[in-house]
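Have a look at the structure below before the remarks.
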Amino acid sequence: RTMPPPGGVDAVIVGAGFAGMYMLHRLRGLGLSAVVFEQGTDVGGTWYWNRYPGARCDVESMQYSYSFSPELQQDWQWSERFSAQPEILRYAQHVADRLDLRRDIRFETRVTSARFDEAANRWTVTTDRGETVTARHCVMATGCLSSARLPDIAGLEGFQGATYHTGHWPHEGVDFAGKRVAVIGTGSSAIQAIPVIARQAAHLTVFQRTPNFSIPSRNAPMDAEYEGWWKSDYEAHRAKARMMRTGILYGLNEKSALEVTPAERQAEYEARWARGGTAFMASFADLITNRDANDTAADFVRDKIRGLVKDPAVAEILAPKGYPIGTKRICVDTDYFETFNRANVTLVDVRDAPIEAITARGVRTRHGEVEVDAIVFATGFDAMTGALTRIDIRGRGGLGLAEKWEDGPRTYLGLMTAGFPNLFMITGPGSPSVLSNMIVSIEQHVDWLADCFAHLRARGLETIEATREAEDQWVGHVNEVADRTLYPAANSWYMGANIPGKPRVFMPYIGGVGAYREKCAEIAAQGYPGFRLAAGAQATAA
Ligand code: NA7
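For the sequence shown, the UniProt record's numbering assigns the number 16 to the initial residue and increments by one for each residue that follows.
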């Protein structure tokens, strides 16, 4: 282990997932010094931790990769239409090797606090190994779904079998052969894991609180022609993807679901269902803004579920009701609904029979105890803010970030928060983030920051800070845009609804990746309005 230089660095980066890795690469390109702190033993972030069976990206492989290097994107070959976790992790490791990133990354090191020293205009960052490093800039590349959450269920400590969280899966893997297994939760992670665990386990009991809409992935080995189409003009395809609403290139239907005949509507849904993946939500332009339009898509998927699940009572429990399709993150699966036709799988409706306790031998509901050898918690994350607020981050006047965000996150562009100079978030709350192809959004933020650092250096400026007014305006805009959609109608982790006591605020920006990118670029081009840039101690409003 090499220690960070005693004189400090230009930037500390927290996290070595796709965001931290690319940030390090860009800083090196600018000739700036940086150190990355990472909790894991290697790079990869999300794809390092989420090793549960069936873990897979629901953005297509050809689009879920870095675009900054033409050589890299030409050389790398994906084996499937949608990549599984081990392959994405290998890709991250390949990038780290190729760019020689690891020499500036301190692994197995968690950042515990970051404090801004107003006299020196520097951040002091402390780790759980007792290291302290000072830095001009602090870049939080901590991920949006990285703070795993176990529900507060009585008796958990007394369970005598094995317990797992999908977001902290053991590296050596888990063999469920011959075991009775419980899965708690039916979000994206569970929906991917359940079919795989069901094939291994003696018996699987799924505890479902809220059913989810899921679209078949139709995953398959990579089609050489399709790969060739992408690679023949990767730059142009990427450029188009960057301007899409979600940062993903796929066919958007510009029509309203209500302006076409029922037969046309059905045909559109059938075609997208057959093609597979999240592009189903682009079947019509108004699925996310008009409840009647949305109902047509939701009805279609509910009918599909009824067709796939043989026991009509089980199908009804699995068919989501009471919230619009797409307002909880849409899931993508391989054989999820079909899995409930297996003789060794039981579904427990937690709405009807709430989990009262974990006992020594299993899970107890009102209807009795289900004895199991292992419990898999697929219970999600303290999304978007959790990884930030669990670090003791203090800005001007000792103000704590967790304290400032008590009533919900407040940012300008999801990049900075007022009162915290030179502290940046990659894909922070208030940016498209989890509503987008994460790698596209990561590259956009990192590139914007790299340009910003170059701008500061060229002008001899030391600090950049979001103004309170710009932040208030942006937060207002983020809410206003969200309120024009159906998203606030669901109890989703986008709304913080999965964490008891977390304020109900729609956290990501839903104005679209393309529009957001243009807005960020325009602000940089205009000399950073809404930010205060300063040389030394003297602040000048931009
Ligand atoms: P999610 O989507 O937050 O799913 C968590 C699931 O766990 C969800 O079905 C929850 O039901 C359920 N849950 C949480 N707490 C409980 C308790 N106490 N009892 C029963 N059920 C519970 O997390 P994932 O890991 O699946 O996915 C997160 C994202 O990662 C995903 O969107 C991808 O982007 C990757 P609820 O819906 O809250 O009623």
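Idealized CB from N, CA, C, for every residue including glycine.
For alanine 375 and aspartate 190, what's the separation of their Cα atoms in angstroms?
21 Å
Sorry if obvious, but does the Cβ on threonine 394 come closer than 7 Å to a heavy atom of the ligand NA7?
yes
Per DSSP, what kind of secondary structure is isoleucine 514 in: helix, strand or coil?
coil
With which residues is serine 229 paired in a DSSP beta bridge?
Bridge pairing for serine 229: Cys346 [DSSP].
When DSSP builds the beta bridges, which residues end up paired with cysteine 153?
Val27 and Leu438
Which partner residues of glutamine 223 appear in the DSSP bridge assignment?
Asp364
Answer yes or no: do glycine 445 and valine 493 have a C-beta to C-beta separation smaller than 8 Å?
yes
Are there any heavy atoms of the ligand NA7 lying less than 7 Å away from the beta-carbon of phenylalanine 97, as far as the coordinates show?
no
Taking contact to mean 3 or more Cβ pairs, one atom from each stretch, closer than 8 Å, check whether the stretch 57-70 and the stretch 83-95 are in contact.
No: the two stretches stay apart, fewer than three of their Cβ pairs being nearer than 8 Å.
So is threonine 276 buried or exposed if we call it buried at 16+ other beta carbons inside 10 Å?
Burial call: exposed.
Looking at the structure shown, is aspartate 132 part of a helix, part of a strand, or coil, going by DSSP?
strand
What number of angstroms, rounded off, separates the C-alpha of valine 198 from the C-alpha of valine 449?
24 Å
Would proline 544 be called buried (16 or more neighbouring beta carbons within 10 Å of its own) or exposed?
exposed
Between aspartate 310 and asparagine 359, what straight-line distance do the alpha-carbon atoms span, to the nearest angstrom?
Using only the alpha carbons, I get a separation of about 33 Å.
Less than 7 Å separating the Cβ of threonine 127 from some heavy atom of the ligand NA7?
no
What residue from Ala169, Arg280, Gly193 and Val50 has the CA that sits closest to arginine 117's CA?
Per the C-alpha coordinates, the member of Ala169, Arg280, Gly193 and Val50 positioned closest to arginine 117 is Val50.
Looking only at its chain, what residues have a beta carbon closer than 7 Å to the beta carbon of alanine 334, apart from the 5 residues adjacent to it on each side?
Pro226, Arg317, Ile320 and Arg321
Note down, in chain order, each residue of its chain lying with its Cβ closer than 6 Å to the Cβ of serine 76, except the 5 sequence neighbours on either side.
Trp93 and Ser98
Could you tell me the alpha carbon to alpha carbon distance between glycine 542 and leucine 302, rounded to whole angstroms?
38 Å
Output the boundary residues of the alpha helix (DSSP H) element that contains aspartate 112.
Start and end: 100-113.
How close, in whole Å, do the beta carbons of valine 196 and alanine 402 come, if the pair is a contact with beta carbons under 8 Å?
About 29 Å separates the two Cβ atoms, so there is no contact after all.
Measuring CA to CA, which of His40, Pro101 and Trp91 is closest to alanine 70?
Pro101
Which term fits serine 507, buried or exposed, when burial requires 16 or more other beta carbons within 10 angstroms of its beta carbon?
buried
Determine whether the beta carbon atoms of valine 58 and alanine 135 lie at a separation below 8 Å.
no
Since serine 161 and phenylalanine 439 are thought to touch, with beta carbons under 8 Å apart, how far apart are those beta carbons, to the nearest angstrom?
Serine 161 to phenylalanine 439, Cβ: 17 Å. No contact.
Determine the direct distance from the alpha carbon of threonine 220 to that of valine 347, and round the result to whole angstroms.
21 Å
From the DSSP output, read off the bridge partner residues of alanine 372.
Arg379
Let me know the secondary structure DSSP gives histidine 180 once reduced to three states.
strand
Taking 7 Å as the cut-off, is the beta-carbon of alanine 205 closer than that to any non-hydrogen atom of the ligand NA7?
yes
With a floor of 4 residues, list each alpha helix (DSSP H) that falls wholly inside the stretch 46-85, ordered by position along the chain.
61-64
Compute the distance between the beta-carbons of alanine 308 and leucine 267, then report whether it is under 8 Å.
Not in contact: alanine 308 and leucine 267 (Cβ atoms no closer than 8 Å).
Since valine 496 is in the alpha helix (DSSP H), which residue starts that stretch and which ends it?
483-498
Is the number of C-beta pairs between the stretch 365-372 and the stretch 123-131 that are closer than 8 Å three or more?
no
At a cut-off of 7 Å, would you count arginine 519 as near the ligand NA7, judging by its Cβ distance to the nearest heavy atom?
no
Output the boundary residues of the beta strand (DSSP E) element that contains alanine 549.
546-550
What separation, rounded to the nearest whole angstrom, lies between the Cα atoms of valine 110 and arginine 532?
Whole-angstrom Cα-Cα distance: 25 Å.
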